[in-house]
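To start, the structure itself, in structure tokens.
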Amino acid sequence: MASFDNSGSRISKLVSGIEPSPTLAVDAKGKALKAKGEPVVSFGAGEPDFPTPDAIVEAAIEAAKNPKYHKYSPVAGLEELRNAIAQKTSITAGADYNVSQTIVTNGGKHALYNACLTLLDPEDEVLLPAPYWSTYTEAIKLANAKPVIVNTTEESGFHVTVDELQKHLTSKTKLIIITSPNNPTGAVLSKEELIQIGKFALENNLWVLTDEIYEHLVYDSHSQYSIVSLVPEIKDRCLIINGVAKTYAMTGWRIGWIVGPKDVISAAINLQSQSTSNVNNIAQVAAYKALTYGMEDFEKMKVVFEKRRKLIHGLLSDINNVSCNLPEGAFYAYPSFKYYMGKSIAGVKVNDTLDLADIILEKAKVAFVPGEAFGTPGYGRFSYALSEEDITEGITRINKLLTEVE
Ligand SMILES: Cc1ncc(COP(=O)(O)O)c(C=O)c1O
43 MASFDNSGSR ISKLVSGIEP SPTLAVDAKG KALKAKGEPV VSFGAGEPDF
93 PTPDAIVEAA IEAAKNPKYH KYSPVAGLEE LRNAIAQKTS ITAGADYNVS
143 QTIVTNGGKH ALYNACLTLL DPEDEVLLPA PYWSTYTEAI KLANAKPVIV
193 NTTEESGFHV TVDELQKHLT SKTKLIIITS PNNPTGAVLS KEELIQIGKF
243 ALENNLWVLT DEIYEHLVYD SHSQYSIVSL VPEIKDRCLI INGVAKTYAM
293 TGWRIGWIVG PKDVISAAIN LQSQSTSNVN NIAQVAAYKA LTYGMEDFEK
343 MKVVFEKRRK LIHGLLSDIN NVSCNLPEGA FYAYPSFKYY MGKSIAGVKV
393 NDTLDLADII LEKAKVAFVP GEAFGTPGYG RFSYALSEED ITEGITRINK
443 LLTEVE
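Now the structure itself:
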């Protein structure tokens with residue numbers, strides 16, 4: 043009998059090449075230290091620190107009692123939820139969307155994976171403005187496509203420009219990803235900027251994936267616009283990703299969606315039919331409630347975030363040689379620690395922000411996500427989804443530690 047050496051690597055090349063989520067890792071590290079009794083203040087979490095509003099929880103309890111929801115349901119989502127998503131998006135995008143142009147997924151992250159797998163071929167290039175949410179690069183790589191990083195500057199408020207996009211355009215470019223409000227910078231793209239990006243995409247036959255998961259969290263005079271509402275012609279080449287996680291404090295419920303052209307959505311439904319099938323029915327009923335019962339609870343949460351935003355921005359800006367833009371949206375501040383790179387802090391050499399995050403966690407017991415996770419070393423992401431007391435305590439500790447610079 044023929045014999046073969048089948049003892050190749052145990053893990054596939056594709057999955058071996060995927061980075062673990064750095065934001066979840068920081069959060070886990072902080073929580074593990076806390077569990078050991080360390081007085082850790084963690085700025086790592088990318089989730090509201092509020093419970094899901096009662097009305098939504100009650101709807102889920104009722105749904106759990108209904109045998110109808112104990113069974114498989116349509117792969118693309120419950121009709122009433124898809125309807126609510128289509129209606130909501132028709133308003134924000136200023137264009138008609140119907141149920142067949144929606145798919146409910148296991149969170150925004152899963153929406154992104156479905157979108158990348160459905161749209162991208164091997165070798166396709168995706169323009170990704172940095173700083174970027176770390177999942178984008180990995181979702182693109184899982185589709186065997188190539189993330190092409192487009193840098194922005196702190197001076198421009200981390201707003202991507204068409205000039206920079208243009209520099210990275212090739213015959214292989216298929217897609218641009220935009221996230222506004224942005225994770226990790228909090229930047230909110232203006233109407234004019236979005237129009238420019240939309241026109242650039244149209245002129246070059248590109249697709250746009252717009253991640254609108256932080257759509258309601260905008261402050262001061264900033265407004266969030268869906269690119270389809272500004273450049274309607276892009277609708278046929280645009281995928282809108284969204285979900286209930288951030289607006290309704292529902293990160294654990296895992297409901298997201300894609301809205302887009304029918305052919306792409308049908309293909310994504312096909313993909314989902316062979317992977318996860320329908321999303322949990324109880325969570326879908328809860329998401330339906332979230333989308334239809336009003337924004338009162340969210341407005342209260344937003345007032346709290348606004349106060350914290352100013353507080354953390356002030357405290358970070360008070361640290362010697364740290365600069366920080368005032369976040370325009372979401373719930374993250376993204377200060378620069380570039381001055382401290384290559385210096386020693388409390389006798390420990392700091393080569394990059396990974397080192398800085400380690401030493402700050404070890405000596406000051408404060409966790410944040412280093413900028414390397416978002417393609418921009420030298421910066422750090424601070425979620426302000428924690429109490430004002432914790433924000434003050436955590437940043438004050440960092441300020442004190444950084445005075446020990448040599
Ligand atoms: C920009 C962005 N998009 C999408 C998501 C995904 O959210 P979820 O998968 O929790 O719905 C997140 C979560 O952190 C995010 O920051």
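Following the working numbering, the numbering of the sequence shown begins with 43 at its first residue and continues without gaps.
We put the CB at the ideal spot given by N, CA and C, even for glycine.
Owing to the predicted nature of the structure, the values given are computational and were not obtained by experimental measurement.
| query | result |
| --- | --- |
| Same chain, Cβ closer than 8 Å to Glu430, neighbours up to 5 away in sequence not counted | Lys349, Arg350 and Leu353 |
| Stretch pair the segment 293-312 + the segment 333-342: three plus CB contacts closer than 8 Å | no |
| C-beta atoms of Ala307 and Ser142 nearer than 8 Å | Position check: residue 307 holds Ile in this sequence, whereas Ala was assumed. In contact: Ile307 and Ser142 (Cβ atoms closer than 8 Å). |
| Which residues DSSP lists as bridging Thr144, in chain order | Val301 |
| CA nearest to the CA of Asp91, picked from Ala399, Asp432 and Leu75 | Asp432 |
| Below 6 Å from a heavy atom of ligand 1 - residues by beta-carbon | Gly88, Gly149, Gly150, Lys151, Trp175, Thr221, Asn225, Asp253, Ile255, Gly285, Ala287, Thr293 and Gly298 |
| Inter-residue CB distance, Asp394 and Glu414 (contact presumed, cutoff 8 Å) | 7 Å |
| Coarse secondary structure for Trp249, derived from DSSP in three states | strand |
| Close Cβ partners of Ser84 (< 6 Å) along its chain, the five nearest in sequence each way excluded | Gly72 and Ala409 |
| Through-space distance from Lys110 to Arg423, alpha-carbon basis | 43 Å |
| Pick from Gly436, Leu161 and Leu56 that is closest to Asp305, judged by C-alpha positions | Leu161 |
| Minimum C-alpha distance to Asp509 - residue among Gly86, Lys214, Glu197 and Thr131 | Here the chain covers residues 43 to 448 and nothing more, so residue 509 does not appear. |
| DSSP state of Ser63 mapped onto helix, strand, coil | coil |
| Length of the line joining the Cα atoms of Val364 and Asn320 | 47 Å |
| Distance, Tyr178 Cα to Glu196 Cα | 21 Å |
| Contained alpha helix (DSSP H) runs [length at least 4] in the segment 152-230, N- to C-terminal order | 177-184 and 204-209 |
| Which listed residue (Gly420, Lys442, Lys288 and Thr131) has its alpha carbon closest to that of Lys277 | Thr131 |
| Spatial distance of Cys158 from Ala185 (CA atoms) | 6 Å |
| Delimiting residues of the alpha helix (DSSP H) encompassing Ser283 | Going by the sequence as given, residue 283 is Ile instead of Ser. Careful: Ile283 lies outside any alpha helix (DSSP H), inside the beta strand (DSSP E) at Cys280 to Gly285. |
| Straight-line gap, Gly285 to Gly150 (C-alpha atoms, nearest Å) | 6 Å |
| Member of Ile133, Gly298 and Gly50 whose CA lies at the smallest distance from the CA of Asn148 | Gly298 |
| Extent of the continuous beta strand (DSSP E) run through Arg423 | Gly422 to Ser425 |
| Short Cβ contact (8 Å threshold) for Val168 with Val190 | yes |
| Beta-bridge pairing of Gly371 - partner residues as DSSP gives them | Val260 |
| Alpha-carbon spacing of Val230 relative to Tyr256, whole angstroms | 10 Å |
| Leu123 beta carbon less than 8 Å from that of Val99 | no |
| Beta-carbon spacing of Tyr376, Tyr421 below 8 Å | yes |
| Option nearest Leu444 by Cα separation, candidates Thr434, Thr418, Ile402 and Val411 | Ile402 |
| In chain order, each alpha helix (DSSP H) run of at least 4 residues that lies wholly inside the segment 334-406 | 338-359 and 395-401 |
| Helix, strand or coil at Ser54 according to DSSP, with G and I counted as helix | coil |
| Cβ neighbours of Val61 in the same chain (closer than 8 Å, five flanking residues each side left out) | With the sequence shown as reference, residue 61 is identified as Glu, and Val is not the correct amino acid for it. If we look at Glu61 and ignore the five residues flanking it on each side, its Cβ neighbours are Ser176, Thr179 and Glu180. |
| Cβ-Cβ separation, Ala97 to Tyr330 (assumed contact under 8 Å), whole Å | Their Cβ separation, rounded to whole angstroms, is 12 Å, which puts Tyr330 and Ala97 out of contact at 8 Å. |
| Endpoints, alpha helix (DSSP H) assigned at Ser271 | Ile269 to Leu272 |
| Cβ distance (whole Å) where Ile269 is taken to contact Ile220 below 8 Å | 7 Å |
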